[in-house]
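**Q**
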Amino acid sequence: MEIELARDPQEPPQQPEEAHASVWTLLIPCVLAWLVPGAGHFYLGRRRRAIFFFVIVLVMLTLGLWMDGRTYVYDRGHPLTYLATFANVGLGPLDLIGRRMTYDRLVWRLPANRGRAELVGKLREKIRSPANEYGTTYLMTACLMNILLILDTFDVAKGRKEGVLQPDAAP
Amino acid sequence: MSHLAVLVMFSILVGAFFGALSRDSLREAFKVGLVLTLSMIVLSMLVAYLMYPFPLG
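Protein sequences appear in the order of chains U and B.
Each residue of the first sequence is one higher than the last, beginning at 1 in my numbering.
Each residue of the second sequence is one higher than the last, beginning at 172 in my numbering.
Below you can see the structure in the form of structure tokens.
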């Protein structure tokens, strides 16, 4: 007599098994995702989705810079600037463009004395722009999107999401 | 650029991003993106009107 091993309808659906991935198979896509928005997904075979993410983040960043958005520098006197600067750095090398456009040089820390006045002057110039708040929000959102993409890449590489290493049907 | 245009553009981009991030099929992603976009626009307008009676200064 053959016994059918059917799944109990009351039983919750099984989660996809996590792939036993080595450190490198997790690290490489995450680093790629940090370097170029969507590159991690591209590496993992989700190519159309990767291009879509790249375009979205790039459009967000471009609009933010166009609207005089500014990147953050950390200041010991204002602890929240550490979080904002970390978020900016999450955009990878594209963050350098934002820094260059905000401060005319690559800087991540507001100096305590020498050079502080010049940097604050540059910041004031940006803040005086009527669209600065909007631009900064767009810019910050682009950075946070890329951080989410890095985390999503990790999940895909780990095997927590379906469609790992297979071309997807989504955008 | 008008405030409304900035809001609509932001909502579309964020809605599209989260739609694609959270769903696998194109149809589902589009649906989630649309709901998110419209929710953001409508809720923002609602909050703006609720804040209207408050003084600016």
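Even glycine gets a Cβ: it sits at the ideal position worked out from N, Cα and C.
A quick note: this is a predicted structure, and the numbers were derived from the prediction, not measured.
With DSSP as the reference, please indicate the residues paired to U/Tyr74 in a beta bridge.
**A** U/Arg109
**Q** At which residues does the alpha helix (DSSP H) containing U/Lys158 begin and terminate?
**A** 132-158 is the extent of the alpha helix (DSSP H) around U/Lys158.
**Q** So the alpha helix (DSSP H) B/Ser182 belongs to, where does it begin and stop?
**A** Counting along the chain, B/Ser182 sits inside the alpha helix (DSSP H) bounded by residues 174-193.
**Q** Of the residues U/Leu148, U/Glu125, U/Arg116, U/Phe42, which one's Cα is nearest the Cα of U/Arg76?
**A** U/Arg116
**Q** Using only alpha-carbon positions, find the residue among U/Arg70, U/Asn113, U/Arg48, U/Thr136 that is nearest to U/Leu106.
**A** U/Arg70
**Q** Specify the secondary structure class of U/Leu44 as computed by DSSP and reduced to three states.
**A** coil
**Q** CB-CB under 7 Å to B/Arg194, same chain, minus the five flanking residues each way: which ones, in chain order?
**A** Ala200, Val203
**Q** The alpha helix (DSSP H) spanning B/Tyr223 covers which residue range?
**A** Counting along the chain, B/Tyr223 falls outside any alpha helix (DSSP H), and DSSP gives it neither H nor E.
**Q** So, helix, strand or coil for U/Lys161, using DSSP?
**A** coil
**Q** Which of the three DSSP states is assigned to U/Gly64 in this structure?
**A** helix
**Q** Looking at the C-beta of B/Val206, does it have a partner C-beta in chain U at a distance below 7 Å?
**A** no
**Q** Within the 7 Å Cβ cut-off, does B/Leu217 reach chain U?
**A** no
**Q** Do U/Leu32 and U/Tyr138 have their beta-carbon atoms positioned less than 7 Å apart in this structure?
**A** Taking 7 Å as the cut-off, the beta carbon of U/Tyr138 is found no closer than this to the beta carbon of U/Leu32.
**Q** Tell me, please, whether the CB atom of U/Tyr134 is closer than 7 Å to any CB atom in chain B?
**A** yes
**Q** In terms of residues, what are the limits of the alpha helix (DSSP H) holding U/Pro23?
**A** What sits at residue 23 of chain U in the sequence shown is Val, not Pro. Here the alpha helix (DSSP H) through U/Val23 covers 23-35.
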